[in-house]
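Participant: The structure's right below; bear with me while I get my questions together.
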Amino acid sequence: MSRLWMVSYDISSDSVRRQVRERLKDFGTPVQYSVFECFLEPGQRAMLQRELSRLLEEDDSIRWYPLCRWCREKTVRQGCGAASGNPEYYLL
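Sequence positions in the sequence shown follow my numbering and run 261 to 352.
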(Lines of atoms letter the chains of each structure in order from A and count residues from 1; the text may use other names and numbers.)
(Lines give C-alpha, C1' and ligand atoms only; values in the text may rest on other atoms or scores of the structure.)
Protein backbone atom coordinates (compact mmCIF):
# COMPACT_ATOMS: atom_id res chain seq x y z
CA MET A 1 0.00 0.00 0.00
CA SER A 2 1.37 3.38 -0.94
CA ARG A 3 2.08 6.08 1.61
CA LEU A 4 2.53 9.80 1.12
CA TRP A 5 6.08 11.02 1.75
CA MET A 6 7.37 14.56 1.86
CA VAL A 7 10.90 14.54 0.47
CA SER A 8 13.14 17.57 0.86
CA TYR A 9 16.72 18.01 -0.22
CA ASP A 10 19.62 20.40 0.21
CA ILE A 11 22.27 19.69 -2.41
CA SER A 12 25.17 21.98 -3.27
CA SER A 13 26.01 20.73 -6.77
CA ASP A 14 23.71 22.04 -9.52
CA SER A 15 24.11 18.88 -11.60
CA VAL A 16 23.38 16.51 -8.70
CA ARG A 17 20.45 18.68 -7.57
CA ARG A 18 19.04 18.52 -11.11
CA GLN A 19 19.42 14.72 -11.19
CA VAL A 20 17.65 14.33 -7.85
CA ARG A 21 14.84 16.66 -8.94
CA GLU A 22 14.32 14.84 -12.24
CA ARG A 23 14.25 11.45 -10.52
CA LEU A 24 11.77 12.62 -7.88
CA LYS A 25 9.52 13.99 -10.64
CA ASP A 26 9.13 10.36 -11.79
CA PHE A 27 7.47 9.55 -8.46
CA GLY A 28 5.84 12.70 -7.15
CA THR A 29 4.79 16.30 -7.35
CA PRO A 30 7.08 19.24 -6.66
CA VAL A 31 5.44 21.49 -4.06
CA GLN A 32 8.45 23.80 -3.58
CA TYR A 33 11.71 23.88 -5.50
CA SER A 34 13.42 21.35 -3.23
CA VAL A 35 10.35 19.66 -1.72
CA PHE A 36 8.26 16.88 -3.25
CA GLU A 37 5.16 14.96 -2.20
CA CYS A 38 5.38 11.35 -3.38
CA PHE A 39 3.01 8.41 -2.99
CA LEU A 40 5.37 5.45 -2.72
CA GLU A 41 5.08 1.73 -2.14
CA PRO A 42 7.63 0.47 0.43
CA GLY A 43 9.76 -1.14 -2.28
CA GLN A 44 9.72 2.01 -4.40
CA ARG A 45 10.85 4.13 -1.46
CA ALA A 46 13.69 1.77 -0.58
CA MET A 47 14.87 1.65 -4.20
CA LEU A 48 14.65 5.42 -4.59
CA GLN A 49 16.50 6.04 -1.32
CA ARG A 50 19.34 3.73 -2.42
CA GLU A 51 19.49 5.32 -5.86
CA LEU A 52 19.55 8.90 -4.58
CA SER A 53 22.03 8.19 -1.78
CA ARG A 54 24.60 7.19 -4.41
CA LEU A 55 24.43 10.72 -5.85
CA LEU A 56 25.00 12.59 -2.59
CA GLU A 57 28.21 14.29 -1.58
CA GLU A 58 29.34 14.66 2.03
CA ASP A 59 27.57 17.97 2.72
CA ASP A 60 24.30 17.08 0.90
CA SER A 61 21.11 15.81 2.52
CA ILE A 62 17.76 14.33 1.61
CA ARG A 63 15.04 14.04 4.25
CA TRP A 64 12.07 11.69 4.06
CA TYR A 65 8.98 12.54 6.14
CA PRO A 66 6.08 10.04 6.21
CA LEU A 67 2.69 11.74 6.14
CA CYS A 68 -0.19 9.74 7.58
CA ARG A 69 -3.81 10.30 6.60
CA TRP A 70 -4.38 12.50 9.68
CA CYS A 71 -1.33 14.63 8.77
CA ARG A 72 -2.57 15.05 5.19
CA GLU A 73 -6.03 16.09 6.38
CA LYS A 74 -4.56 18.64 8.81
CA THR A 75 -2.12 20.16 6.31
CA VAL A 76 -2.64 23.88 5.78
CA ARG A 77 -1.78 25.34 2.37
CA GLN A 78 -1.46 29.04 1.76
CA GLY A 79 -0.99 30.60 -1.63
CA CYS A 80 -0.78 28.68 -4.89
CA GLY A 81 -0.52 24.93 -5.26
CA ALA A 82 -3.02 22.15 -4.91
CA ALA A 83 -2.86 19.15 -2.61
CA SER A 84 -1.22 16.06 -4.05
CA GLY A 85 -3.82 13.45 -4.90
CA ASN A 86 -3.48 9.76 -4.22
CA PRO A 87 -2.86 8.16 -7.63
CA GLU A 88 -4.77 5.04 -6.55
CA TYR A 89 -7.96 7.09 -6.73
CA TYR A 90 -7.60 8.97 -10.00
CA LEU A 91 -10.52 8.55 -12.37
CA LEU A 92 -9.87 8.43 -16.08
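Backbone N, C-alpha and C define an ideal beta-carbon position, used for all residues, glycine too.
#1: For Asn-329 and Glu-301, I'd like the C-alpha separation in whole angstroms.
#2: If you reduce the DSSP assignment to three classes, tell me which class Asp-270 lands in.
#3: Could you please give the first and the last residue of the uninterrupted beta strand (DSSP E) stretch that includes Gly-288?
#4: When you compare only the Cα positions, how much space is there between Arg-310 and Glu-318?
#5: Note down, in chain order, each residue of its chain lying with its Cβ closer than 6 Å to the Cβ of Arg-323, except the 5 sequence neighbours on either side.
#6: What residues are listed by DSSP as bridge partners for Trp-330?
Facilitator: Taking the structure as given:
#1: Residue 329 sits at position 69 when you count from the first residue of the sequence shown. Residue 301 sits at position 41 when you count from the first residue of the sequence shown. Checking the sequence, you will find Arg at residue 329 rather than Asn. Straight-line Cα distance between these residues: approximately 15 Å.
#2: As a position in the sequence shown, residue 270 is number 10, starting the count at 1. The answer is strand: DSSP assigns Asp-270 an E or B state.
#3: Counted from its first residue, the sequence shown places residue 288 at position 28. Boundaries of the beta strand (DSSP E) harbouring Gly-288: 288-292, taken from the DSSP string.
#4: Taking the sequence shown and counting its residues from 1, the one referred to as residue 310 is at position 50. Taking the sequence shown and counting its residues from 1, the one referred to as residue 318 is at position 58. If I take the Cα positions, the gap works out to 15 Å.
#5: In the sequence shown, residue 323 corresponds to position 63, counting from 1. Closer than 6 Å at the Cβ level, and outside the excluded window around Arg-323, lie Ser-268.
#6: Against the sequence shown, residue 330 aligns to sequence position 70. For Trp-330, which the question treats as bridged, DSSP gives no partner whatsoever.
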